[in-house]
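Numbers in the working numbering are just positions in the sequence shown, counted from 1, shifted up by 266.
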Amino acid sequence: MRIIVSGICGHMGKEVVSASLRGYRGAVTVGGVDIRSDRGAEIPVAGGFAEAKEIFGVGEADCIIDFSHHSCTAELLSFAVAKGMPAVLATTGQTEEELALIADAAKKIPVFFSANMSLGVALLVELAKKAAAAMPDAQIEIIEKHHIRKLDAPSGTAIMLANEIQSVRPSAYTVLGRSGHGKRTPEEIGIHAIRMGNIVGEHEVILGTDTQTITLKHEAHDRALFAEGALAAAEFLIGKGAGLYNMHDIVAD
Ligand SMILES: NC(=O)c1ccc[n+]([C@@H]2O[C@H](COP(=O)([O-])OP(=O)(O)OC[C@H]3O[C@@H](n4cnc5c(N)ncnc54)[C@H](O)[C@@H]3O)[C@@H](O)[C@H]2O)c1
């Protein structure tokens with residue numbers, strides 16, 4: 267499969283290129299988009315999606331993979347829709363307006379959108395939902411830890427975990443951090459963000475009652491796992507009809 271990498275000069279963009287150079291899932295990176303231009307000459311890189319329309323002709327790629335910045339969501343989706351190209355969106359931190367654009371684009375092209383491209387995290391989500399449903403009285407807290415370069419907090423994955431838990435516990439609501447006076451309510455799902463050093467990514471879901479505690483934890487050891495997950499998502503997405511897909515679809519398949 268031939269892919270275009272949005273954010274190709276960034277940490278994750280480079281991981282996607284490395285994985286494709288290793289031949290992971292038979293991927294070949296045919297182009298990139300980035301507002302920086304330190305990629306080198308071996309892969310054509312456009313400075314934006316308007317320019318990309320001229321550099322990459324229709325049919326030159328099977329899928330676009332995005333690890334860039336949420337501010338380019340509108341441009342990226344209009345590029346993908348114009349080309350009828352499946353899009354794997356791994357970027358996090360989208361605004362409500364950008365999330366609405368993603369939902370709209372998914373009516374026209376296949377879109378894979380996940381705040382965490384790790385298969386292990388997809389399993390963590392399933393286990394957390396199962397535990398939350400089985401222990402309706404348990405207090406639930408989520409702790410996430412990431413490197414100090416990360417721009418958004420809490421992580422998209424922590425928000426996704428809370429949303430998924432809410433799907434089996436409709437009365438729950440999220441509280442970011444905890445401060446001030448007053449007791450914790452039983453419906454709270456606390457989310458706590460830690461930024462430290464070079465931590466790749468850790469997510470911990472703690473469920474506790476007066477008599478027992480369950481801790482479910484996923485640790486990413488190497489960013490390459492997200493690149494591999496994004497390429498697995500691209501492989502899954504190519505040939506699918508329009509729609510919004512996520513890691514659950516891969517785990518359930
Ligand atoms: N879904 C996942 O599993 C997962 C995993 C890791 C990171 N991420 C997300 O991926 C994104 C990128 O992470 P990173 O660590 O590679 O960041 P990074 O800052 O190292 O790289 C981002 C790249 O995007 C480029 N960029 C910024 N604005 C752009 C625009 N408008 N058009 C084109 N390119 C643009 C930057 O120049 C940079 O090269 C973040 O949102 C991060 O949270 C998601």
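Glycine is no exception: its CB is placed at the ideal position from the N, C-alpha and C atoms.
Between ligand 1 and Ile301, a heavy atom-to-CB distance of less than 7 angstroms is present.
When DSSP states are grouped into helix, strand and coil, Leu473 belongs to the strand group. Looking only at Val466, Glu341, Lys483, Ala500, the smallest Cα-Cα distance to Arg415 is reached by Val466. Judged by DSSP in its simplified three-state form, Asp370 adopts helix. Per the coordinates, the alpha-carbon of Ala399 lies some 13 angstroms from the alpha-carbon of Gly474. For ligand 1, no non-hydrogen atom lies closer than 7 angstroms to the CB of Phe345. Counting along the chain, Glu485 sits inside the beta strand (DSSP E) bounded by residues 479-486. Within 10 angstroms of the beta-carbon of Met426 lie 16 or more other beta-carbons, which makes it buried.
Comparing alpha carbon positions, the residue from Tyr290, Asp304, Ser286, Ser303 closest to Val296 is Ser286.
His336 sits in a helix when the DSSP states are folded into three classes. If you ignore the 5 residues before and after Val283, its C-beta comes within less than 6 angstroms of the C-beta of Thr295, all in its own chain and listed in chain order. Around the beta-carbon of Ser272, 16 or more other beta-carbon atoms lie within 10 Å, marking it buried.
Here Val466 carries a coil assignment [DSSP, helix/strand/coil]. Judged by DSSP in its simplified three-state form, Arg461 adopts strand. Look at Gln360 here: in three-state DSSP terms it is coil, with no helix or strand label. The beta carbon of Glu501 is closer than 7 angstroms to those of Met267, Arg291 in its chain, skipping five residues each way along the sequence. Counted as a single uninterrupted DSSP element, the alpha helix (DSSP H) harbouring Ile425 occupies residues 422-434. By a beta-carbon distance limit of 8 angstroms, Val517 contacts Leu389. Their separation comes to about 7 angstroms. Within the same chain, and ignoring the five residues on either side of Gly422 in sequence, the residues whose Cβ sits closer than 6 angstroms to its Cβ are Thr358, Ala381. Relative to the non-hydrogen atoms of ligand 1, the Cβ of Met383 comes within a distance shorter than 7 angstroms of at least one.
Ranking Ala293, Arg288, Ala312, Gly289 by CA distance to the CA of Cys275 puts Ala312 first. With a threshold of 7 angstroms, the Cβ atom of Cys329 does not count as near ligand 1, since no heavy atom of the ligand is closer than that. Proximity of the beta carbon of Phe502 to ligand 1 is not indicated: no heavy atom of the ligand is located closer than 7 angstroms.
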